[in-house]
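Just below is one structure, and these are the notes that go with it.
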Amino acid sequence: MTCPNQRKFHFYRNQGRLYGIGTRRTRLAVTDFRRRFPQVFWGLEPALYLIGTEQGCVPLEIALEELTFKLQRRDLKFTVDDALIVDFAKAKARTCGEISARIEDPAEALSAIAKLLDRYGFSLPDGETDKSRIERTKSDRWWRRLLRKEQKQVLDNVAREYGLVSKKRGVYVSDWGLKLHLEQLTRNSSLLDEMVAVNDQCQEYTLAELAALSVSNPYVRRSELIVRASGFETIARELDHDGVFLTLTTPSKYHPVRASGVANPKYNGSTPKEAQQYLTELWARIRAQLDREEIRIYGFRITEPHHDGTPHWHLMLFVDPGEKSRLVEIMRDYALLEDGDEPGADEARFQEVDIDYERGSATGYIVKYICKNIDGEFQEDGQDAEDWYGNLTKNVAPRVRAWASIHGIRQFQQIGGPPVTVWRELRRLEHADDDTVEAARIAADKSDWAGFVKAMHGPCAKRVDHPIKAAKWIEFDQDTGEYLDCPVNQYGEPSKGKLFGLLARGRYWITRVFRWEVKRPQQAKTLNSIVDGSWLDRLKRLTQVPTASQADIDALPDDTAYTWEKLNSEIHPPPWSSVNNCTSIRGLGSV
-9 MTCPNQRKFH
1 FYRNQGRLYG
11 IGTRRTRLAV
21 TDFRRRFPQV
31 FWGLEPALYL
41 IGTEQGCVPL
51 EIALEELTFK
61 LQRRDLKFTV
71 DDALIVDFAK
81 AKARTCGEIS
91 ARIEDPAEAL
101 SAIAKLLDRY
111 GFSLPDGETD
121 KSRIERTKSD
131 RWWRRLLRKE
141 QKQVLDNVAR
151 EYGLVSKKRG
161 VYVSDWGLKL
171 HLEQLTRNSS
181 LLDEMVAVND
191 QCQEYTLAEL
201 AALSVSNPYV
211 RRSELIVRAS
221 GFETIARELD
231 HDGVFLTLTT
241 PSKYHPVRAS
251 GVANPKYNGS
261 TPKEAQQYLT
271 ELWARIRAQL
281 DREEIRIYGF
291 RITEPHHDGT
301 PHWHLMLFVD
311 PGEKSRLVEI
321 MRDYALLEDG
331 DEPGADEARF
341 QEVDIDYERG
351 SATGYIVKYI
361 CKNIDGEFQE
371 DGQDAEDWYG
381 NLTKNVAPRV
391 RAWASIHGIR
401 QFQQIGGPPV
411 TVWRELRRLE
421 HADDDTVEAA
431 RIAADKSDWA
441 GFVKAMHGPC
451 AKRVDHPIKA
461 AKWIEFDQDT
471 GEYLDCPVNQ
481 YGEPSKGKLF
491 GLLARGRYWI
501 TRVFRWEVKR
511 PQQAKTLNSI
521 VDGSWLDRLK
531 RLTQVPTASQ
541 ADIDALPDDT
551 AYTWEKLNSE
561 IHPPPWSSVN
571 NCTSIRGLGS
581 V
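According to the working numbering, the stretch in the sequence shown is residues -9 to 581, in order.
In structure tokens, the structure reads:
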């Protein structure tokens, strides 16, 4: 009797190695998997072939079932192109809208939507109210972000599990994940080029032009990180603090592939995000112990991937000489708490290098790591630098950035010291008639992080003791009763306010005086087609504001500028009245 699906085996008779493994049921399973997921079949075929030849047809069928479960959830396939992802997002957003329209009670509607999300392995979004959470699920934009993020993580995790991420294959990140990440960058770049930002003085810039001036620019980001690291070193030398370079690594069970490139039998199936969570929790315990013993540290933490995509941490820390040995002891003890008796744990899980200022700069220890994780532009002995696996850093830097973006891993984190937001806002000022603000402003303007740290009361000062803080507000006109900024966001939640300047000694220093309107591409085309003399129309649109009720005023958060002014109006003038008197603004303002 001839099998009705006999024609489907033609491919394997001529080309496919998997055809010769197992029974007819096994061949049907392989054929069905190839038909469902042709985009990833060829990448997984070598690993599936090894499973079939080394373990047998039953493990092969089980592997195919598990892969199908990971790559497809009901009618959602993670191997499809972005156009289908967008269509799926629109359909589910429309479904959520229909549910909320049919069920009047927000709690019941939210429960029904939660069941819909659970079918696809998703959770309800965060939100302050049931209504705001429902509004998010009704947005196809929210669905697109969720689906694209999940798609990249699922494909990259599958690739790691089947040995497609290693120094012998796709180093740091899978080729599938890199492709999706580059497509996302292309979409973002096109959107930034098309979208136009207009301020209340009718100045127009594309978002791409404004992004090039910010830390979104890799050159600016790299330069700022190096300046901050060098500033911490300057402070440490002045205070006679010791520097130490430390490395924290996860246990071997978090690695799918060994250093030799072969599969790791101890691998527990964890993802890079879960490995990062392990390191984060480990660091939280270390910080808690340091706080209990009152050991103060400051410096930087850099997260980068091993060849198989598993994260590890590098830390450049400065500490009082009398406390350095205890710092190292605490970190070593905690690093070895989990699986500390496995072979090689003492050498691999925790490493320490003392920084000798006489032999070289402490910043030099981490410059390579900073550059490698941003754009790879770094040289050693006049030659382009290489990573640990012989790849040029400038060639693999896109893979490192893709890895961090896909798994939501923060690559750089400052430990201790004042917030960089204050530093960036001070660089927008030209002059301040307050000694403390002016000293910090001059240091920031000269890219002197050490001077800025001194003005902020040192590297170990607590946030409450910093003399200058970033200020946010919901701007409100007391004379006309109008909001100058919307008091609620697009989901109906109270706005947290916008960064507008600095607060020092009970006084505001405005660094962002322009109000901006961002036009979507189709709006931007209409804007550019308006005839000369239309700047009045643009200005009218920018200054259209809603009228506030007394209930809205009473509901304003206590930390907004309006509340502060209401309590102190007889002592201090409103912050906008001091723009011309005490502060000279430079730059483009804020988008």
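A virtual CB, placed ideally from N, CA and C, is assigned to each residue, including glycine.
Just so you know, these numbers come straight off a predicted model, no measurement behind them.
Checking the sheet assignment: what are the DSSP bridge partners for T127? In the sequence shown, counting from the first residue as 1, residue 127 sits at position 137. Paired residues: none, contrary to the question.
Pairwise C-alpha distance: I360 and K384: The sequence position of residue 384 within the sequence shown is 394, counting from 1. The sequence position of residue 360 within the sequence shown is 370, counting from 1. CA-to-CA, the gap between K384 and I360 works out to about 12 angstroms.
Within the continuous beta strand (DSSP E) that includes F235, where are the two ends? The count along the sequence shown starts at 1 and reaches residue 235 at position 245. D232 to T239 is the extent of the beta strand (DSSP E) around F235.
Are L8 and G42 touching if we call contact CB-CB under 8 angstroms? By one-based count along the sequence shown, residue 8 stands at place 18. By one-based count along the sequence shown, residue 42 stands at place 52. Remark: C-beta atoms of L8 and G42 approach each other more closely than 8 angstroms.
In this structure, does DSSP put Q341 in helix, strand or coil? Here residue 341 corresponds to residue number 351 of the sequence shown, with the count starting at 1. If DSSP states are grouped into helix, strand and coil, Q341 belongs with the strands.
Can you have a look at F340 and say buried or exposed, based on whether 16 or more other CB atoms are within 10 angstroms of its CB? In the sequence shown, counting from the first residue as 1, residue 340 sits at position 350. Buried.
Using three-state DSSP, classify V76 as helix, strand or coil. Numbered from its first residue, the sequence shown carries residue 76 at position 86. DSSP, reduced to helix, strand and coil, places V76 within a helical segment of the structure shown.
What residue range is occupied by the uninterrupted alpha helix (DSSP H) comprising M587? This structure leaves residue 587 out entirely; the chain is present only between -9 and 581.
If I measure Cβ to Cβ from L66 and keep anything under 7 angstroms in the same chain, skipping five residues before and after, which residues do I get? Position 76 of the sequence shown, counted from the first residue, corresponds to residue 66. Hits under 7 angstroms: F78 and Y110.
Going by other Cβ atoms of all chains shown within 10 Å of its Cβ, with 16 needed for buried, is D377 buried or exposed? Along the sequence shown, one-based indexing puts residue 377 at 387. Buried.
Measuring straight from C-alpha to C-alpha, what distance separates Q29 and V70? On the sequence shown, position 39 is the one that residue 29 refers to. On the sequence shown, position 80 is the one that residue 70 refers to. The alpha-carbon of Q29 is positioned some 8 angstroms away from that of V70.
If we ignore side chains and look at the alpha-carbon of each, how far apart do T501 and W463 end up? Start at 1 with the first residue of the sequence shown, and residue 501 comes out as number 511. Start at 1 with the first residue of the sequence shown, and residue 463 comes out as number 473. Distance between the alpha carbons of T501 and W463: 13 angstroms.
Can you grab the Cα-Cα spacing for the pair M233 / F222, in whole Å? As a first step, residue 233 must be located in the sequence shown, where it is residue number 243. As a first step, residue 222 must be located in the sequence shown, where it is residue number 232. For the sequence presented, residue 233 should be read as Gly rather than Met. The C-alpha of F222 is placed about 10 angstroms away from the C-alpha of G233.
Using the Cα positions of E555 and R497, report the straight-line distance between them to the nearest angstrom. Sequence index remark: in the sequence shown, residue 555 carries index 565 (1-based). Sequence index remark: in the sequence shown, residue 497 carries index 507 (1-based). Summary for E555: the model assigns pLDDT 47, below 50, so the residue's position carries little reliability; its value from the coordinates is reported in the next sentence. Rounded to the nearest angstrom, the gap between the Cα atoms of E555 and R497 is 10 angstroms.
Please work out which residues of its chain come closer than 6 angstroms, Cβ to Cβ, to G6, disregarding the five sequence neighbours upstream and downstream, and give them in chain order. Translated into the one-based positions of the sequence shown, residue 6 becomes position 16. Around G6: no qualifying Cβ.
Under the three-state DSSP convention, the category R63 falls into: Counted from its first residue, the sequence shown places residue 63 at position 73. Strand.
Locate the alpha helix (DSSP H) running through R291, then write down its first and last residues. Within the sequence shown, numbered from 1, the residue matching residue 291 stands at position 301. Looking at the DSSP string, R291 is not in any alpha helix (DSSP H); the run it does join, the beta strand (DSSP E), is I287 to P295.
Report the rounded CA-to-CA distance for V410 versus H297, giving the unit in angstroms. Taking the sequence shown and counting its residues from 1, the one referred to as residue 410 is at position 420. Taking the sequence shown and counting its residues from 1, the one referred to as residue 297 is at position 307. One alpha carbon belongs to V410, the other to H297, and they sit about 31 angstroms apart.
Measure how close the beta-carbons of Q404 and F235 come, nearest whole angstrom, since I'm counting them as under 8 angstroms. If you number the sequence shown from 1, residue 404 lands on position 414. If you number the sequence shown from 1, residue 235 lands on position 245. No, Q404 and F235 are not in contact; Cβ-Cβ is about 16 angstroms, not under 8 angstroms.
Using a Cβ-Cβ cut-off of 6 angstroms (strictly less than) and excluding sequence neighbours within five positions of K362, which residues of its own chain qualify? Within the sequence shown, numbered from 1, the residue matching residue 362 stands at position 372. Excluding positions up to five away in sequence, the list reads T383.
Give every residue of the same chain whose Cβ lies closer than 7 angstroms to the Cβ of D183, excluding the five residues on either side of it in the sequence, and list them in chain order. Here residue 183 refers to the residue found at position 193 when the sequence shown is read from its first residue. Closer than 7 angstroms at Cβ, skipping near neighbours: T196 and A198.
8 angstroms contact criterion, which E151 and P246 should meet: CB distance rounded: Residue numbering aside, residue 151 sits at position 161 when the sequence shown is read from its first letter. Residue numbering aside, residue 246 sits at position 256 when the sequence shown is read from its first letter. Sure, about 6 angstroms apart at Cβ, within 8 angstroms.
Proximity below 8 angstroms, CB of W166 to CB of G299: Position 176 of the sequence shown, counted from the start, is the residue given in the question as residue 166. Position 309 of the sequence shown, counted from the start, is the residue given in the question as residue 299. No, they are not a contact pair.
Helix, strand or coil at Q193 [DSSP, three-state]: Here residue 193 corresponds to residue number 203 of the sequence shown, with the count starting at 1. Three-state result, Q193: coil.
What distance in whole Å lies between the Cβ atoms of L492 and W499, which are believed to be in contact at a cut-off of 8 angstroms? Along the sequence shown, read from residue 1 onward, the residue named residue 499 stands at position 509. Along the sequence shown, read from residue 1 onward, the residue named residue 492 stands at position 502. Confirmed, about 4 angstroms.
Taking all protein chains shown into account, decide if Y162 is buried (16 or more other Cβ within 10 angstroms of its Cβ) or exposed. Here residue 162 corresponds to residue number 172 of the sequence shown, with the count starting at 1. Per the 10 Å Cβ criterion, buried.
Using a 10 Å radius around the Cβ and a threshold of 16 neighbouring Cβ atoms, would you call V386 buried or exposed? In the sequence shown, counting from the first residue as 1, residue 386 sits at position 396. In this structure V386 is buried. Its beta-carbon is surrounded by 16 or more other beta-carbon atoms within 10 angstroms.
How long is the line joining the alpha carbons of L307 and S485, rounded to whole angstroms? If you number the sequence shown from 1, residue 307 lands on position 317. If you number the sequence shown from 1, residue 485 lands on position 495. Cα to Cα, L307 sits roughly 37 angstroms from S485.
What residue from A249, Q266, L61 and S206 has the CA that sits closest to L238's CA? Here residue 238 refers to the residue found at position 248 when the sequence shown is read from its first residue. For the set A249, Q266, L61 and S206, the Cα lying nearest the Cα of L238 is the one of Q266.
Buried/exposed call for N381, threshold 16 Cβ in 10 Å: As a position in the sequence shown, residue 381 is number 391, starting the count at 1. Buried is the call here.
Under the three-state reduction of DSSP, which class applies to I364: helix, strand or coil? The count along the sequence shown starts at 1 and reaches residue 364 at position 374. Note: I364 maps to coil in three-state DSSP.
Suppose the cutoff is 7 angstroms on Cβ atoms and the five residues either side in sequence are ignored; what does the same chain contact list for Y481 look like? Position 491 of the sequence shown holds residue 481. For Y481, where only same-chain residues beyond five positions count, the Cβ hits under 7 angstroms are G117, S122, E125 and R126.
Simplified DSSP state of A19, which is helix, strand or coil: On the sequence shown, position 29 is the one that residue 19 refers to. A19 carries a helical assignment under DSSP once its states are collapsed to helix, strand and coil.
Could you give the C-beta distance for I285 and E313, rounded to a whole number, given that I count them as a contact under 8 angstroms? Translated into the one-based positions of the sequence shown, residue 285 becomes position 295. Translated into the one-based positions of the sequence shown, residue 313 becomes position 323. Taking the Cβ atoms as the reference, I285 lies roughly 5 angstroms from E313, within the contact range of under 8 angstroms.
Identity of the residue in Y288, F402 and A99 nearest V357 by Cα: As a first step, residue 357 must be located in the sequence shown, where it is residue number 367. Closest option to V357, Cα to Cα, is F402.
So S164 and L154 are in contact, right, with Cβ under 8 angstroms, and what is the actual spacing, rounded? Residue mapping note: residue 164 aligns to position 174 of the sequence shown, counting from 1. Residue mapping note: residue 154 aligns to position 164 of the sequence shown, counting from 1. Contact annotation, S164 with L154: C-beta distance approximately 5 angstroms; criterion of less than 8 angstroms satisfied.
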